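Keeping their order, the protein sequence lines are chains A and B.
UniProt numbering numbers the first residue of the first sequence as 1 and each following residue consecutively.
UniProt numbering numbers the first residue of the second sequence as 1 and each following residue consecutively.
There are 2 protein chains.
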Amino acid sequence: MGITERKERERAEMRRRIVDVAIKMFVEDGYEKVSIRNIADKIEYSPATIYLYYKDKDELLYDVQHEAFATLSEEFAKHINHKEPFKRLEQLAFAYVQFARDHPELYDLMFIIKAPMNVEHDEEKWKNGDPAYDALYNLVSECIEKKLIRFKDPTVATLSVWAFAHGFISLDLRCRFKVAGLTGEEINKVVDQSIKEYLHIIKV
Amino acid sequence: MGITERKERERAEMRRRIVDVAIKMFVEDGYEKVSIRNIADKIEYSPATIYLYYKDKDELLYDVQHEAFATLSEEFAKHINHKEPFKRLEQLAFAYVQFARDHPELYDLMFIIKAPMNVEHDEEKWKNGDPAYDALYNLVSECIEKKLIRFKDPTVATLSVWAFAHGFISLDLRCRFKVAGLTGEEINKVVDQSIKEYLHIIKV
DNA sequence: TTTGGAAAATAAACAGTGTTCAGTATATTT
DNA sequence: AAATATACTGAACACTGTTTATTTTCCAAA
Numbered sequence: 001m002g003i004t005e006r007k008e009r010e011r012a013e014m015r016r017r018i019v020d021v022a023i024k025m026f027v028e029d030g031y032e033k034v035s036i037r038n039i040a041d042k043i044e045y046s047p048a049t050i051y052l053y054y055k056d057k058d059e060l061l062y063d064v065q066h067e068a069f070a071t072l073s074e075e076f077a078k079h080i081n082h083k084e085p086f087k088r089l090e091q092l093a094f095a096y097v098q099f100a101r102d103h104p105e106l107y108d109l110m111f112i113i114k115a116p117m118n119v120e121h122d123e124e125k126w127k128n129g130d131p132a133y134d135a136l137y138n139l140v141s142e143c144i145e146k147k148l149i150r151f152k153d154p155t156v157a158t159l160s161v162w163a164f165a166h167g168f169i170s171l172d173l174r175c176r177f178k179v180a181g182l183t184g185e186e187i188n189k190v191v192d193q194s195i196k197e198y199l200h201i202i203k204v
Numbered sequence: 001m002g003i004t005e006r007k008e009r010e011r012a013e014m015r016r017r018i019v020d021v022a023i024k025m026f027v028e029d030g031y032e033k034v035s036i037r038n039i040a041d042k043i044e045y046s047p048a049t050i051y052l053y054y055k056d057k058d059e060l061l062y063d064v065q066h067e068a069f070a071t072l073s074e075e076f077a078k079h080i081n082h083k084e085p086f087k088r089l090e091q092l093a094f095a096y097v098q099f100a101r102d103h104p105e106l107y108d109l110m111f112i113i114k115a116p117m118n119v120e121h122d123e124e125k126w127k128n129g130d131p132a133y134d135a136l137y138n139l140v141s142e143c144i145e146k147k148l149i150r151f152k153d154p155t156v157a158t159l160s161v162w163a164f165a166h167g168f169i170s171l172d173l174r175c176r177f178k179v180a181g182l183t184g185e186e187i188n189k190v191v192d193q194s195i196k197e198y199l200h201i202i203k204v
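Structure, rendered in structure tokens:
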């Protein structure tokens, strides 16, 4: 009597189909051009059908965000391999920046736009960001323990490194560096140099 | 025969009225709830009338952004008064953070949302941000000249300080620190401490 | 003071959005 | 085969930014 299981499986498959199309459209057309109607068109279902699988757009975006974090984790796994913890911290920082440059629309969804954060506002944690945060937190903690960086509190250290990188990325993504009168290539150079310098001055 | 002048003055007054109402609604109700129709309602004109004074919503938001930067400059003028340049840099940093906490919706418009940056995309500069950027740039430059901070390039230094503060503010405003499992008050403390520590380690 | 033309304001519409709901089609159970 | 439960959709609701044709208001010359 596996019909309940099959129904459940079919439901999961439909959700996958929706998320897959959604993330693909995000990457290709950008956040602003992805509507429920567009997604429905592409999977060849009525817009109302999407609401049978997702309570609202935010809930769908939350799953898309989850997928985006999986890609970030893959990038981390690919580029963080050095023996020394501090070197791994450098690798993580530049992998993070590179991810943002390669997938600006995903970065948007993960760290800048408001939308998918309204989902689990029940005082709970934000589960999507967990693996990436833990990767940074554990690495920073190891660096503190081995006295490789000038920090005492691992949370302060983790948030500082994160905020520093995110500050550059998000200001760049939102064109605020126009105020400095730099070209795109110049900005990239300044960002890279700034992060290098930051990692240097926090190094013990 | 000052009728042309009067017409021009009336036009300017109307634009002022629109911007004043818009910024007030922004602060009170938040960016997402402010529509052209809402603004039109409040100034008791038809929505179409707004388009006689502003080409589109972005152009209006650009003027609102200008107003918001004026408020930031006022805050800077109010809180930056120390003799020593480095102390002034500290004052600037915390005035910036305090502004973001006091006016989150304005901060959004100034530094986070995409909208008003599409206006002068003609390769030009971003004039709205100029005064605030210059204030930071000049102060940082003075600190470098007097060898008070560990930086050589004033642009790298300016963008680093800005990005560091902005990173914290924007991640907080977008609830991304939920991943760290901290309460609102705890986050504020970590942010303050992090900025203090950052200013300490860049101090020569 | 009336009239003609310019300027200002608007009602209504267009094309789009997220979302809901009544009704239809399909699948499963009795 | 009939009854029931599930899956799906067309159409609507209440919005959004924006445009256009129309009306109202203003002002200067006849």
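Using N, Cα and C, we set each Cβ at its ideal position, and we do this for glycine too.
Here the structure is a predicted model, which is why all the values come from computation and not from measurement.
Whose C-beta lies closer than 7 Å to the C-beta of residue 231 of chain B among residues of the same chain, with five residues either side of it excluded? Residue 231 of chain B cannot be examined here, being either before or after the span of chain B that is shown, 1 to 204.
Can you list, in chain order, the residues of the region 91-125 of chain B whose Cβ is nearer than 7 Å to any Cβ on chain A? F111, I112, K114, M117, K125
How is K55 of chain A classed by DSSP in three states: helix, strand or coil? Position 55 of the first sequence, counted from the start, is the residue given in the question as residue 55 of chain A. Three-state DSSP puts K55 of chain A in coil, outside helix and strand.
What does the Cβ neighbour count give for T183 of chain B, buried or exposed, with the cut at 16 atoms within 10 Å? Counted from its first residue, the second sequence places residue 183 of chain B at position 183. It counts as exposed.
Whole-number beta carbon distance between R101 of chain B and Y53 of chain B, since they are thought to touch under 8 Å: Sequence index remark: in the second sequence, residue 53 of chain B carries index 53 (1-based). Sequence index remark: in the second sequence, residue 101 of chain B carries index 101 (1-based). Not really, about 33 Å apart at Cβ, beyond 8 Å.
Using only the alpha-carbon positions, how far apart do S141 of chain A and I169 of chain A sit? Locating residue 141 of chain A in the first sequence gives position 141, where the first residue counts as 1. Locating residue 169 of chain A in the first sequence gives position 169, where the first residue counts as 1. Using only the alpha carbons, I get a separation of about 24 Å.
Same chain only: Cβ atoms within 7 Å of R88 of chain B, ignoring 5 sequence neighbours per side: Here the question's residue 88 of chain B lines up with position 88 in the second sequence. Within the same chain, R88 of chain B has close Cβ partners I80, H82, L139.
Length at least 3, wholly inside the region 140-176 of chain B: the beta strand (DSSP E) runs in chain order: none
List the residues of chain A that residue 223 of chain B touches, going by C-beta distances under 8 Å, in chain order. Since the first residue shown for chain B is 1 and the last is 204, residue 223 of chain B is missing from the structure and cannot be characterised.
Could you tell me if V204 of chain B is buried or exposed, where buried requires 16 or more neighbouring beta carbons within 10 angstroms of its beta carbon? Looking up residue 204 of chain B in the second sequence gives position 204. Its Cβ having fewer than 16 others within 10 Å, V204 of chain B is exposed.
DSSP three-state label for K78 of chain A, please. To locate residue 78 of chain A, count along the first sequence from 1; it is residue 78. Helix.
What residues from the UniProt domain "HTH tetR-type" (12-72) of chain A come within 7 Å of chain B, judged by C-beta to C-beta, listed N to C? none
If we ignore side chains and look at the alpha-carbon of each, how far apart do D192 of chain A and E5 of chain A end up? Locating residue 192 of chain A in the first sequence gives position 192, counting from the first residue. Locating residue 5 of chain A in the first sequence gives position 5, counting from the first residue. Distance between the alpha carbons of D192 of chain A and E5 of chain A: 51 Å.
Pick helix, strand or coil for K87 of chain A, following the three-state DSSP scheme. The count along the first sequence starts at 1 and reaches residue 87 of chain A at position 87. Looking at K87 of chain A - three-state DSSP - the assignment turns out to be helix.
What does the Cβ neighbour count give for S35 of chain B, buried or exposed, with the cut at 16 atoms within 10 Å? As a position in the second sequence, residue 35 of chain B is number 35, starting the count at 1. It is exposed - the Cβ of S35 of chain B has fewer than 16 other Cβ atoms within 10 Å.
Between the region 155-168 of chain A and the region 152-171 of chain B, do three or more beta carbon pairs fall short of 8 Å? yes
So what does K203 of chain A bridge to, in DSSP terms? In the first sequence, residue 203 of chain A corresponds to position 203, counting from 1. A:I149, per the DSSP bridge assignment.
By the 10 Å Cβ neighbour count, where 16 or more other Cβ atoms means buried, how is I63 of chain A classified, buried or exposed? Translated into positions along the first sequence, residue 63 of chain A becomes position 63. The sequence given here places Asp at residue 63 of chain A; Ile does not occur at that position. D63 of chain A is buried by the Cβ-count criterion.
Local conformation of Y198 of chain B per DSSP, three classes: In the second sequence, counting from the first residue as 1, residue 198 of chain B sits at position 198. Y198 of chain B falls in the helix class under three-state DSSP.
Pick helix, strand or coil for E105 of chain B, following the three-state DSSP scheme. What you label residue 105 of chain B is simply residue 105 of the second sequence in a count that begins at 1. Here E105 of chain B sits in helix by DSSP.
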